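Residue numbers (our numbering): 212 to 792.
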């Protein structure tokens with residue numbers, strides 16, 4: 212995946228023996244970050260040391276360093292990779308001093324618990340050789356671009372997790388998928404993306420190693436070098452957080468905008484909203500251990516809380532992140548917000564009418580928040596080959612998109628990779644991505660085989676409860692005191708009635724008219740004694756994506772099948788004759 216990553220990982224061979232393969236990353240990752248920051252700081256090191264001698268106040272020092280170097284972070288130590296090895300006996304102490312003298316926002320080495328590794332390396336008499344190897348690599352951004360550095364981190368993490376038999380996909384998302392998500396997120400014209408001096412904000416609550424944030428920024432700057440995008444993120448995995456924050460530091464972004472912690476239980480950006488939000492949350496992750504805190508928050512926050520619309524099953528928390536992002540969208544009166552999120556297929560249809568997932572879909576569709584859903588090719592991600600989808604949400608849609616949802620089938624737009632990575636053996640090329648984006652731009656005039664535009668109502672339905680009478684031994688209905696037939700619970704059934712069934716008139720009675728028309732045509736003709744228990748009617752929403760693009764393929768004619776069978780039988784008989792000879 213990365214020549215640089217492979218070279219860095221080769222240094223891990225020096226750790227063989229005292230370290231097991233699943234522990235290599237504990238050393239390799241923080242040292243790679245330290246060397247990267249060391250290369251960035253090198254040109255201004257003396258300037259910073261002089262400023263540190265002059266200004267004792269950390270806040271004043273930070274201001275002066277920013278004026279002199281343009282960076283928001285610094286290191287006041289007398290050590291660097293250039294002179295660490297000069298004092299062989301004091302290497303461990305000097306390396307610790309170097310780490311301790313970073314400015315406060317560089318807290319990343321704490322999350323690696325790196326001082327413990329320095330002690331272990333020194334005890335194993337490996338520290339000098341490992342530091343010497345890293346000192347030989349030039350990781351300055353002018354030599355190794357931010358994009359290449361990101362690739363290297365991804366390669367190292369993947370190798371580390373393969374050795375530990377963990378799931379690498381929890382930590383990063385393939386770049387081809389991110390590029391498509393970013394293009395769709397920025398698809399609508401926005402003055403903040405084309406005019407200089409206007410700042411827009413982008414937020415990722417599952418930031419991982421920062422790949423999605425970085426790629427979004429690269430994409431935008433490539434289109435408009437004057438654009439300004441402030442990046443925000445939160446990550447709960449200590450190593451991923453450390454890498455993400457280091458990446459933000461290296462690129463000149465504000466590192467205080469990257470927070471550590473679990474977004475679902477501790478929102479680090481309470482009361483903040485953003486212009487753009489994006490996420491690839493973990494699929495099918497159990498949230499039972501957080502259930503108490505999340506349910507308490509939902510009760511206390513009331514109708515305006517982030518989880519107010521509903522809660523998914525505790526076996527799959529990805530819809531919690533979906534709701535969180537909706538809560539983080541900038542209000543329409545302030546310019547509106549857009550969301551791009553990658554999820555598997557279950558949020559489209561899991562849960563019946565009245566369930567948490569259905570109520571979440573109901574909230575999104577009745578508030579006209581879903582702009583488009585794009586089906587991605589299978590085998591796109593490193594840790595799963597299942598179907599995945601990009602959801603694009605917008606709370607201030609373009610007029611032509613109001614009240615509508617566009618479904619795009621992008622499953623056929625992929626290119627086979629020369630070498631697979633885990634479960635990933637397909638990628639979305641630039642040409643494939645452009646085909647999807649063109650379908651999104653075309654909207655109503657889109658290719659019907661790959662794009663469908665539906666109204667929000669077309670995803671809604673009522674689940675009605677159909678009762679039949681309880682019969683006595685003579686086959687007569689059993690009645691209550693008022694003479695009404697009692698229902699036989701064993702014959703009870705439910706039917707889903709689409710909002711758009713038949714040619715019903717609108718108005719206050721539209722619901723009852725549609726339900727009655729459905730019942731008369733689809734139920735009463737088969738079971739005349741049945742009736743509807745209207746007290747049990749529930750509203751449901753589902754997005755049957757696959758059904759919209761289903762194409763019936765008729766079976767082959769029997770004559771053709773028989774002909775093929777005859778050919779196979781003839782081959783078998785011929786082989787048997789050869790054996791008999």
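We put the beta carbon where it would ideally sit given N, CA and C, even for glycine. Quick caveat: nothing in here was measured; it's all calculated off a predicted structure.
Thinking just about the alpha-carbon of each residue, which of 295, 781, 550 and 558 is nearest to the one in residue 413? 550
Taking buried to mean at least 16 other C-beta atoms within 10 Å of its own C-beta, is residue 512 buried or exposed? exposed
Could you spell out the range, first to last residue, of the alpha helix (DSSP H) harbouring residue 560? 557 to 560
What residue from 470, 360, 459 and 653 has the CA that sits closest to residue 243's CA? 360
Can you give the Cα-Cα distance for residue 579 and residue 521, rounded to whole angstroms? 17 Å
Residue 514 and residue 568 closer than 8 Å at C-beta: no
Close Cβ partners of residue 680 (< 6 Å) along its chain, the five nearest in sequence each way excluded: 688, 696 and 740
Compare the Cα-Cα distances from residue 755 to each of 535, 665 and 396 and report the closest residue. 665
Leaving out the 5 sequence neighbours to the left and right, which residues in its chain are closer than 8 Å to residue 463 when beta-carbon positions are compared? 281, 282 and 283
Do residue 492 and residue 518 have their beta-carbon atoms positioned less than 8 Å apart in this structure? no
Give me the DSSP bridge partner(s) of residue 320. Looking at the DSSP assignment, residue 320 forms no beta bridge with any residue, so it has no partner.
With a Cβ-Cβ cutoff of 8 Å, do residue 590 and residue 635 count as a contact? yes
Count the other CB atoms within 10 Å of the CB of residue 701; is the residue buried (16 or more) or exposed (fewer)? exposed
With burial defined as no fewer than 16 other Cβ atoms inside 10 Å of the residue's Cβ, what is the status of residue 789: buried or exposed? exposed
Per DSSP, residue 708 forms a beta bridge with which residues? 673
Residue 435 Cβ short of 7 Å to the ligand ATP heavy atom set: Within the structure as shown, the ligand ATP is missing, as the structure has no ligands at all.
Nearest candidate by alpha-carbon position, reference residue 428, set 339, 622, 439 and 296: 439
Tell me the DSSP secondary structure of residue 378 in three-state form. Unreliable positioning characterises residue 378 in this predicted model, as indicated by a pLDDT of 48, which lies under 50. The coordinate reading is nonetheless provided below. Of the three classes helix, strand and coil, the one that applies to residue 378 here is coil, per DSSP.
Using beta-carbon positions only, say whether residue 710 and residue 672 come within less than 8 Å of one another. yes
If we call anything under 8 Å between Cβ atoms a contact, is residue 597 one with residue 561? no
Using the Cβ count rule (16 or more neighbours within 10 Å means buried), how would you classify residue 780? exposed
I'd like to know if the region 409 to 425 and the region 447 to 466 are in contact, where contact means that at least 3 CB-CB pairs between them fall below 8 Å. yes
Consult DSSP for residue 566 and reduce its assignment to one of helix, strand or coil. coil
Under the DSSP definition of a beta bridge, which residues are partnered with residue 489? 551
Could you give the distance in angstroms between the alpha-carbon of residue 826 and the alpha-carbon of residue 298? Missing from the structure shown is residue 826; the chain here goes from 212 to 792 and no further.
Could you pull out every residue in the same chain whose Cβ sits closer than 8 Å to the Cβ of residue 623, ignoring the five residues on either side in sequence? 588 and 661
Does the count of Cβ pairs from the region 264 to 271 and the region 293 to 309 closer than 8 Å reach three? no
Proximity to residue 544 [Cα-Cα], best of 476, 606 and 483: 606
Counting pairs of Cβ atoms below 8 Å between the region 347 to 359 and the region 320 to 327, do you hit three or more? no
Specify the secondary structure class of residue 688 as computed by DSSP and reduced to three states. strand
Supposed close pair residue 330, residue 293 - CB separation, criterion 8 Å: With a Cβ gap of about 23 Å, residue 330 and residue 293 do not count as contacting.
Could you pull out every residue in the same chain whose Cβ sits closer than 7 Å to the Cβ of residue 644, ignoring the five residues on either side in sequence? 390, 391 and 394
With the cut-off set at 8 Å, would you say residue 749 and residue 479 are in Cβ contact? no
Going by DSSP in three states, residue 523 sits in which element: helix, strand or coil? coil
Same chain only: Cβ atoms within 7 Å of residue 490, ignoring 5 sequence neighbours per side: 415, 416, 417, 532, 536 and 552
Member of 508, 460, 459 and 488 whose CA lies at the smallest distance from the CA of residue 477: 508
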